[in-house]
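K.L.:
Take a look at this one; I'll ask things after.
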Ligand code: GDP
Ligand code: MN
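So this is what it looks like as structure tokens:
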């Protein structure tokens, strides 16, 4: 689950990281009032679950309250990477002498949280990794001991010559790790971590992604979810109990089981197509889940063909077939459907599908090849 910058800032602040004051506005008038209260120059920032807001025109400095309101009215309603801006953060503008990057991610390779720092701050870290990877320094943190003081200071000294600044940055790294751990994050990043002309080190941007598996035991973090900022299809899928991730290809995928769903996506790619989504209808057997899944997949205008890949174990083929037939009675599918189905109650499923005018394949490769061809036609 993604957090907004203003939510991530609150978490960092609670963990002792210096973050400028500020508040969230949903209208230009509210933005003006916040700017008035703060006094002086402010920065108006789009609150969407996307990076690169600065480049997209979603971060603007304002000298006085009316200008803050004007920026807010331009930024509110703007779309950044396909997401509409509903809120802006209004914060005192900070003078910047230098910008660096500090982030923690869960790293599969080392199976540990990895602290990454770079003196190339303010730029997307992916870009730094691509063009000047030598400017990124990494440290795998042993979760038994956490980030040890000398480790943090060692990394901080790669960013700052000034010992006082390095000590401030090291304290921020320690607090960032504490915050990362406390909220169950898979990513926590500060970019830029800025040094002011008078030598203070402050977090000017904050990004936190929460591991969804941590939400169950952290209701206060789960409550931070902003469904208005998420892709509508992902919200619908979550409410329907489906595991769904929207992607940008043209083959809509409806699969039972996460492993088979991943294998299906790999095979779609292998045969030259691109999946429009990851969708796992789960192990349970329920025609309604199939109806919900098809409703979500067909709502995506990029979908040119739909591929069912069902290996019936606990999932019953007849339930899936009934779901498909029920869906076609409720709304038009509009795109070709390729069904691969084997396993539990396969014969019943084939019978139900045949009566409704559909055929089913048993070979996975063949089904994927057909779906890719249909999507390209
Ligand atoms: P992002 O583009 O989505 O990562 O948004 P950021 O919050 O990182 O803002 C983008 C850029 O705007 C930063 O790298 C800074 O250069 C600039 N910026 C953000 N806040 C301030 C501020 O308070 N003062 C100044 N001068 N620049 C800022
Ligand atoms: Mn940033």
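Residue numbers (my numbering): 1 to 377. Note that the Cβ used here is the ideal one computed from N, Cα and C, for glycine as well.
(1) Report the three-state DSSP secondary structure of residue 280 (helix, strand or coil).
(2) Which one or two residues does DSSP pair with residue 173 in a beta bridge?
(3) Using the three-state DSSP reduction, which class does residue 27 fall into: helix, strand or coil?
(4) With hydrogens ignored, establish whether the beta-carbon of residue 96 is closer than 7 Å to any heavy atom of ligand 4.
(5) I want to know whether the stretch 202-209 touches the stretch 8-24 - three or more CB-CB distances under 8 Å.
(6) What separation, rounded to the nearest whole angstrom, lies between the Cα atoms of residue 108 and residue 197?
(7) Out of 314, 143, 201, point me to the one whose CA is closest to residue 162's CA.
(8) Any contact of the stretch 26-41 with the stretch 218-236, i.e. 3+ C-beta pairs under 8 Å?
(9) Enumerate, from N- to C-terminal direction, the unbroken beta strand (DSSP E) stretches of 3 or more residues contained entirely within the stretch 131-169.
(10) My guess is that residue 256 and residue 292 are in contact by the Cβ rule of under 8 Å, so how many angstroms apart are they, rounded?
(11) Who are the Cβ neighbours of residue 236 in its own chain at under 7 Å, not counting the five residues just before and after it?
(12) What's the gap between the Cα of residue 140 and the Cα of residue 183?
(13) Can you tell which of 61, 69, 262 has the C-alpha that lies nearest to the C-alpha of residue 31?
(14) Flag this pair as yes or no: are the beta carbons of residue 119 and residue 52 separated by less than 8 Å?
(15) What first and last residue would you give for the alpha helix (DSSP H) that runs through residue 208?
(16) Leaving out five residues on either side along the sequence, give the residues of the same chain with a beta carbon under 7 Å from the beta carbon of residue 23.
(17) Quick one: complete alpha helix (DSSP H) runs, 4+ long, within the stretch 308-359?
P.N.:
Result, derived from the coordinates:
(1) Correct three-state label for residue 280: strand.
(2) Residue 173 pairs with nothing; no bridge assigned.
(3) Coil at residue 27, not helix or strand.
(4) Ligands present in the displayed structure are limited to ligand 1 and ligand 2, and ligand 4 is not among them.
(5) The stretch 202-209 makes contact with the stretch 8-24, as at least three CB pairs between them are under 8 Å.
(6) Distance between the alpha carbons of residue 108 and residue 197: 38 Å.
(7) Closest in alpha carbon position to residue 162, among 314, 143, 201, is 201.
(8) Contact between the stretch 26-41 and the stretch 218-236 is absent: fewer than three C-beta pairs spanning the two stretches fall below 8 Å.
(9) Here the runs fully enclosed are 136-140.
(10) Between residue 256 and residue 292 a beta carbon distance of about 14 Å is seen, past the 8 Å cut, so the two are scored as non-contacting.
(11) Taken in chain order, the residues that qualify are 296.
(12) In a straight line, the C-alpha of residue 140 is about 19 Å away from that of residue 183.
(13) In this structure, 69 is the residue among 61, 69, 262 with its C-alpha nearest to the C-alpha of residue 31.
(14) Contact: no.
(15) Following the DSSP letters along the chain, one finds residue 208 in no alpha helix (DSSP H) but inside the beta strand (DSSP E) bounded by residues 207-210.
(16) When the five nearest sequence neighbours on each side are left out, the beta carbons in the same chain lying within less than 7 Å of the beta carbon of residue 23 are those of 34, 90, in order along the chain.
(17) Listed in chain order, the complete alpha helix (DSSP H) runs (minimum 4 residues) inside the stretch 308-359 are 317-330, 346-355.
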